[in-house]
Each structure stands twice: as C-alpha cells, then as structure tokens.
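J.: Residue numbers (my numbering): 44 to 361.
Each residue gets a CB set at the ideal place from its N, CA and C atoms; glycine is no exception.
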C-alpha cells in the first residue's frame, strides 16, 4: 500500500489578489510563501501561496486570482469541497473571536468531534474554519500581530460536500485512510471523518459532508478547485495511480508544477483530488528568507518575467 500521509495543499479561485493577500497575511497571519503564475496562462493569472515559514506540505493554501480573466461568482455546494479547517491551539477561540470582530469578519461557531470550529469566509465568500487541535507546525509570527500562542499551525482538515458519499468514502478507503467517526446535526447534515494512516505534522483529516437535498456547487470565484494529498515522490505517486486505476478510477498523466509534481482524479462525489509530491519544494528558486518578494516562474516556461509583471494586476506586499 503506497503512503498518502496527509493533505498537501488546497487551491481556490478569488478575484482581487491584493484583497486576498491582505486577508491571509494581515488578518489570518499566514506567510506569503510564493508569488508565481498559472503556467498555462502566465500573462493573465497569478498563483499565490500562503502557509507556514517554509511552506510545509499541509500548511499551504493557494489561489488563482481571476481579475484579468473575469469569472462568475461560484456556488459552494454539493459536489465540491465545502471548507478548509486551519488549526489553532486550545484556548485560542476567544482571541480569534475578538480579532474577527476587530477586522469585521463575520463568523459562526460549531462544536463537533470534541473540537470547536470558528466558521468564516474569505473576502470572496469561500468557507474556512479555525479548528482547535494539535499540530507539529510552528506558527509564523513575523510581519503580523498575531501572538505565537494563538497563531495558525497549518491545516486541520478539509470537508468534502459529496454528491456521492459512498463513492467519496470508497476513494478515501482505497487510499488507506481510516474511518474514525461520525457527527450528526439536525440541520447542517452529517459528517463522516477519515484520518490518514501516517504521521503527517498536520492536515491529516477529511470530513465527508452528507446533505443530499443541498443545491449543487458551481465552480467560480469563491470556490475550491481541488484538494491535494501528499505522496513522497514520483515513484510513490505512480504506485498511488496504479492502485486507483486497479480500483476503477481514472488518473491523469503527471503534471510538472515546478515545486511538486501532480496527478489528478475526479472522485465520484464530484471533487478533484490531486496527488502531489513532497518535493522539489519551494526552495528551488528562492531562499526562504525571501519568499514572496519576487514573481518566480520556472525556467522551462521560457517567458519574459518583466513583461508578464506589467500585464498582471498590481500586488503590494508587506
């Protein structure tokens, strides 16, 4: 059985890159890890990465800002990722409630699986949660005013609002993930929780949300594109692909994402699952001390960076 020890990253669509950057760095206190481009349309779209100090897999949230390629507002619903949980320490709930009130971020509260979840959205309406839990990720506190004792420590989980819960759960079980619990709610639907079998420092849980009468999701601004899972290297990735194909699932060929290599499937519940390698990593083109300072593109893209920078929307960083 190949190892799929946790979540690698999630990717979503937003509109304005400046508004997105300001929220994730100045409100949530995440590090701006990388400023690159969407490789198939580099002159149109940034690819922005946020995470911990070094961009540890499991801490990374990425966005495609669609300012230069106008996109309709999406619908978060059945058949798409529902939300992403970010880990905060026990005892930090009141701090984040106060911080959200200070920054005029609307939130609601929920309790499930013995955890407290602060539910909120990004500026484009994309759902996130701050979830109390344990993590081995060190907090990033430089350049923001979030105290270390309350700072975000990587991802906690993703929630998949499945159009075919049995199919989604089958894929997770083929991946070797263990079903560890169920949380029911009279109005919000039921959740089935899965946990990775490995020892990832964070981001080792997936919740499958079951709400059969909910409206279907529609891809657009304010929706997730995919969730990526960790595989050690391309050999392990090939083994994962073989395993999925043996169980009737169709995987793509390998895609070069510069900082990692990827394969994809669309699971039966409608969400896109990516399987991303742990390397080469974000240090291949930049020292960690300089993360986010410059626009970086892979050598194989063979483009004029200065020309592209002039075509992309402005983005001021701290």
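1. Which residue's Cα is closest to the Cα of residue 194: 79, 94, 81?
2. In this structure, what does DSSP give as the bridge partners for residue 57?
3. What did DSSP end up calling residue 318 once you bin it into helix, strand or coil?
4. Just the Cα atoms here: how many angstroms apart are residue 169 and residue 281?
5. At 3 residues or longer, and completely inside the segment 160-190: list those beta strand (DSSP E) runs for me, N to C.
6. Please classify residue 304: is it buried, with 16 or more other beta-carbons within 10 angstroms of its beta-carbon, or exposed?
7. Does DSSP put residue 201 in a helix, a strand or coil?
8. Between the segment 90-104 and the segment 62-72, do three or more beta carbon pairs fall short of 8 Å?
9. Near residue 115, which residues of its chain fall below 6 Å by C-beta distance, leaving aside the five closest residues on each side in sequence?
10. Can you give me the Cβ contacts of residue 166 inside the same chain, cut-off strictly under 6 Å, excluding the 5 residues immediately before and after it?
11. Checking the sheet assignment: what are the DSSP bridge partners for residue 323?
12. Just the C-alpha distance for residue 199 and residue 120, rounded to the nearest angstrom, thanks.
13. With DSSP run on the structure shown, which of helix, strand or coil describes residue 20?
14. I'd like the span of the beta strand (DSSP E) that includes residue 154, first residue to last.
15. Counting Cβ pairs closer than 8 Å, one from the segment 237-249 and one from the segment 290-303, do we hit at least three?
16. Could you tell me whether the segment 253-272 touches the segment 123-139, where touching means 3 or more Cβ pairs closer than 8 Å?
17. Report the option in 76, 45, 57 whose CA atom is closest to the CA atom of residue 335.
18. Keeping to the same chain, check which residues put their C-beta closer than 6 Å to that of residue 235; ignore five residues upstream and five downstream.
19. Just the Cα atoms here: how many angstroms apart are residue 321 and residue 145?
20. How about residue 58 and residue 241: do their beta carbons lie closer than 7 Å?
21. Based on Cα-Cα distance, which residue from 45, 288, 325 lies nearest to residue 310?
T.: According to the structure data:
1. 94
2. 108
3. strand
4. 32 Å
5. 170-175
6. buried
7. strand
8. yes
9. 263
10. 62, 66
11. 303
12. 21 Å
13. Because the chain spans 44 through 361 in this model, residue 20 falls outside it and cannot be assessed.
14. 150-155
15. no
16. yes
17. 76
18. 225, 251
19. 37 Å
20. Going by C-beta atoms, residue 58 is not nearer than 7 Å to residue 241.
21. Closest option to residue 310, judged by alpha-carbon separation, among 45, 288, 325: 288.
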